[in-house]
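The working numbering applies: residue 1 is where the sequence shown begins, and numbers increase by one.
We treat Cβ as the ideally placed atom computed from N, Cα and C, and that holds for glycine.
Here the structure comes first, spelled out in structure tokens, and everything after it is commentary.
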Amino acid sequence: MSARTETVLSILTAATAWLDERGVDAPRRSMELLMGHVLGLDRLKLYLAHDRPVSADERTRLRELVARRGRHEPVAHLLGSWEFYGHELEVGPDVLVPRPETEGLVDLALARLPAETCRVVDLGTGSGAIAIAIALARPAAEIVAIDCSAAALAVAARNLARHGVHDRVRLHAGSWWDALPPTEAAFDLAVANPPYCDPSREDDVAADVRRWEPGLALWTPPGRPGAHYQAIAAGAASRLRAGAHLIFETGLGATEAALDALRACQALTAIECLPDLAGLARYLVARVRA
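See the structure below:
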């Protein structure tokens, strides 16, 4: 990105090539997002502004962001926010960047929730993405969101306030069900996207993710790929009402371990393994026996 590169198109072309040389995933899309952020233009307006001159100050800001992206820092971190289920959320190094696949988890949850009053627990809430999406789609729902990271809960609290659902989503700090008081009423549905990346297969995880996103939310205990699923499944019977659903998101070879955890729990039945939009095994749904 030289000082002579002055238009939207010329900078977009040069910087995309520079990122591509460094093995950055989706370099063109990265540049479109970064440039749109700096120039205050959405994607369509950016395309219509290819001949627009880029000022020296704008070029300086872009250089800084492109350099960071060249080190595989996630675009979402550079922007400071990311869209999930149509809602803009604060994100950063303390939480996972919400993935499109997790929107499918929300779809499955909403399909199993009544429009009237219901109780939902989000186990491992991170940025609060799932809890917020459900709260906005089900105004009568009462939601509890749990995370063991105080830093993640701080991000979630800001996102709850941003979307005006802080009065209907309660945050609890702790490990899975242990975060709840004994007197907590039973839930109608539980959703969980626990850590499922095997630390012995670190190279299978994209550089953007393994270098920059919180390890606490990524990695399973060494040699125990099903540990988190087992802990959640084991506590489901005492925390969910009869007929309630438990929905997991899985990935990167963790599906079988998650299935084993569900099958080992006699209180759970009607276990389903469902694909994401790419056709990959991604979601597990189980129901608490009546």
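What separation, rounded to the nearest whole angstrom, lies between the Cα atoms of residue i and residue j?
{"i": "Arg158", "j": "Glu90", "result": "8 Å"}
{"i": "Arg239", "j": "Ala186", "result": "5 Å"}
{"i": "Gly40", "j": "Cys265", "result": "51 Å"}
{"i": "Ala17", "j": "Glu6", "result": "16 Å"}
{"i": "Leu298", "j": "Arg211", "result": "Examination of residue 298 is not possible in this model, given that the chain is present from 1 through 290 alone."}
{"i": "Gln230", "j": "Ala111", "result": "25 Å"}
{"i": "Ala217", "j": "Asp51", "result": "43 Å"}
{"i": "His245", "j": "Leu280", "result": "21 Å"}
{"i": "Thr220", "j": "Pro53", "result": "48 Å"}
{"i": "Ala179", "j": "His172", "result": "6 Å"}
{"i": "Cys148", "j": "Ile232", "result": "14 Å"}
{"i": "Trp177", "j": "Ile247", "result": "15 Å"}
{"i": "Arg162", "j": "Val8", "result": "32 Å"}
{"i": "Ala76", "j": "Trp82", "result": "6 Å"}
{"i": "Ser30", "j": "Ala267", "result": "46 Å"}
{"i": "Glu307", "j": "Leu136", "result": "Residue 307 is absent from the structure shown; the chain starts at 1 and stops at 290."}
{"i": "Asp198", "j": "Ala254", "result": "8 Å"}
{"i": "Gly164", "j": "Glu116", "result": "19 Å"}
{"i": "Leu262", "j": "Ala286", "result": "7 Å"}
{"i": "Ala15", "j": "Ile271", "result": "48 Å"}
So, helix, strand or coil for residue i, using DSSP?
{"i": "Ala190", "result": "strand"}
{"i": "Val47", "result": "Note that residue 47 is Tyr in the sequence shown here, rather than Val. Helix at Tyr47."}
{"i": "Arg27", "result": "The identity of residue 27 in the sequence shown is Pro, whereas the question assumes Arg. Residue state, collapsed to three classes: helix."}
{"i": "Tyr229", "result": "helix"}
{"i": "Ala270", "result": "strand"}
{"i": "Met1", "result": "Residue placement at Met1 is flagged as unreliable, the pLDDT there being 49, under the threshold of 50; the coordinate-derived value follows with that caveat. Correct three-state label for Met1: coil."}
{"i": "Leu240", "result": "strand"}
{"i": "His37", "result": "helix"}
{"i": "Thr255", "result": "helix"}
{"i": "His163", "result": "coil"}
{"i": "Arg59", "result": "helix"}
{"i": "Glu213", "result": "coil"}
{"i": "His72", "result": "coil"}
Less than 8 Å between the CB atoms is what I'm expecting for residue i and residue j, so what's the real figure, rounded?
{"i": "Pro114", "j": "Val97", "result": "Not confirmed; about 31 Å, so no contact."}
{"i": "Arg168", "j": "Glu184", "result": "Actually they do not touch by this definition, with Cβ atoms about 16 Å apart."}
{"i": "Val191", "j": "Asp94", "result": "Not a contact, Cβ separation roughly 20 Å."}
{"i": "Tyr196", "j": "Leu252", "result": "6 Å"}
{"i": "Arg156", "j": "Asp25", "result": "It is Ala, not Arg, that sits at residue 156 in the sequence shown. At roughly 26 Å, the Cβ-Cβ gap does not stay under 8 Å, so Ala156 and Asp25 are not in contact."}
{"i": "Gly124", "j": "Asn193", "result": "6 Å"}
{"i": "Arg241", "j": "Val288", "result": "7 Å"}
{"i": "Ala109", "j": "Ile134", "result": "6 Å"}
{"i": "Gly36", "j": "Arg28", "result": "Rounded, the Cβ-Cβ distance is 12 Å, inconsistent with contact."}
Name the DSSP beta bridge partners of residue i, please?
{"i": "Arg170", "result": "Val144"}
{"i": "Leu246", "result": "Ala190 and Ala286"}
{"i": "Ala281", "result": "Pro275"}
{"i": "Glu88", "result": "Glu83"}
{"i": "Pro53", "result": "Thr7"}
{"i": "Trp219", "result": "Cys197"}
For a minimum of 4 consecutive residues, which ranges assigned as the alpha helix (DSSP H) are wholly contained in the stretch 93 to 140? 100 to 111 and 129 to 137
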